[in-house]
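A.B. asks:
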Amino acid sequence: MQTEKWLFIGDSITEAGRFEDVEGLGDNYVRMIRDQFAIRKTSPVPTFVNKGISGNRITDLANRWQEDVLDENPDLLSISIGVNDVWRQLDQPGMDQVTPLRFESIYRDLLNQTVASTNARIVLMEPTVIEEKRDSEGNIKLVDYVEIVQKLATEYDCQLVRTHRAFLTYLENKRSLPLTTDGVHMTSTGNALMANTWLDTVFD
């Protein structure tokens, strides 16, 4: 029996060492999800495909969607994007920016293409955080993008992984271990929180 193909696409949070990894997964939440599937389920482990690329915004996903998603024809597609769409507004304000309106328009087009061309089960992950402070400038700007992902998940009947909420809850409870190395990129704890939130959503 042919195993399913589960494809994860996003930015550096998803990439996280996949190009240096002989399995092409990286040391990240994608690997943790794969390993937990093997532990929790008796069914064959899907083929996991990591298509994360560092620095990507929604515009970059659009440029490679045909090759990296549609041509792959996955059974499950998990999308994690939005952090760089905001972060670039903070660290490179002079570049062409992805406004919330533009973010929603492009994201919607990618979902339309996917629905029209594949039978993939689609999972949308909220953007995580920008700095480990709820009221950081990045997290305030990120709210609009999180809400867009929530809206699109409802409209397209996708499963919504509430990673942003999970991260804020962790921070509000003042847990001792950091989630990120630099406010964006994950520690092992951050990856575990992403993976657990995904698993609790998709497996339930």
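Using full-length UniProt numbering, the first residue of the sequence shown is number 1, and each one after it goes up by one.
Heads up, the beta-carbon is just placed ideally off N, CA and C, and yes, glycines get one too.
1) Would you tell me roughly how many angstroms separate the C-alpha atoms of S117 and W87, rounded to the nearest one?
2) According to DSSP, which residues form a beta bridge with L160?
3) Regarding S43 and the ligand FMN, is the C-beta to nearest heavy atom distance less than 8 angstroms?
4) Pull up the distance between the alpha-carbon of L110 and that of L168, whole angstroms please.
5) Which of the three DSSP states is assigned to F48 in this structure?
6) Mapping the DSSP letters down to three states, classify F203 as helix, strand or coil.
7) Please name the residue in S176, T187, M125 whose C-alpha comes closest to that of H164.
8) Provide the residue(s) that pair with L7 in DSSP beta bridges, ordered along the chain.
9) When the Cα of A16 is compared with those of R34, G94, E137, H185, which residue comes out closest?
10) Considering only the beta carbon of each residue, do F8 and G55 sit closer than 9 angstroms?
11) Out of curiosity, what's the CA-to-CA distance linking I81 and T128?
12) So, helix, strand or coil for M95, using DSSP?
13) Below 8 angstroms on the Cβ atoms is my guess for G10 versus I79; work out the distance and round it to an integer in Å.
14) My guess is that E132 and L179 are in contact by the Cβ rule of under 8 angstroms, so how many angstroms apart are they, rounded?
15) Roughly how far, in whole angstroms, is the beta-carbon of L77 from the beta-carbon of I33, given that I think they are within contact range, below 8 angstroms?
16) Using a 10 Å radius around the Cβ and a threshold of 16 neighbouring Cβ atoms, would you call M194 buried or exposed?
17) Thinking C-alpha only, which one of N196, V83, T181 is nearest D144?
18) Given a threshold of 16 other Cβ atoms within 10 Å of its Cβ, counted over all protein chains shown, does F103 qualify as buried or as exposed?
19) If you count every other CB in all the chains shown that lies within 10 Å of the CB of P44, and 16 or more means buried, which is it?
C.D. replies: On the basis of the supplied data:
1) Our two residues, S117 and W87, have alpha carbons roughly 31 angstroms apart in a direct line.
2) L160 pairs with L124.
3) By its list of ligands, the structure shown contains no ligand whatsoever, and the ligand FMN lies outside what it can speak to.
4) In this structure, the straight-line span from the alpha carbon of L110 to that of L168 is close to 28 angstroms.
5) If DSSP states are grouped into helix, strand and coil, F48 belongs with the strands.
6) Coil at F203, not helix or strand.
7) Residue M125 is the option with its Cα nearest to H164.
8) According to DSSP, which records beta bridges pairwise, L7 is partnered with V49, L77.
9) Minimum Cα distance to A16 is reached at H185.
10) Contact flag unset, no.
11) Cα to Cα, the separation comes out at about 9 angstroms.
12) Looking at M95 - three-state DSSP - the assignment turns out to be coil, as it is neither helix nor strand.
13) Confirmed, Cβ separation roughly 7 angstroms.
14) So it is a contact: roughly 6 angstroms between Cβ atoms.
15) Between I33 and L77 the Cβ distance is about 13 angstroms, and since that is not below 8 angstroms, they are no contact.
16) Using a 10 angstroms sphere on the CB of M194, the tally of other CB atoms reaches 16 or more, which defines it as buried.
17) Nearest of N196, V83, T181 to D144, Cα basis: V83.
18) Buried.
19) Around the beta-carbon of P44, fewer than 16 other beta-carbon atoms lie within 10 Å, marking it exposed.
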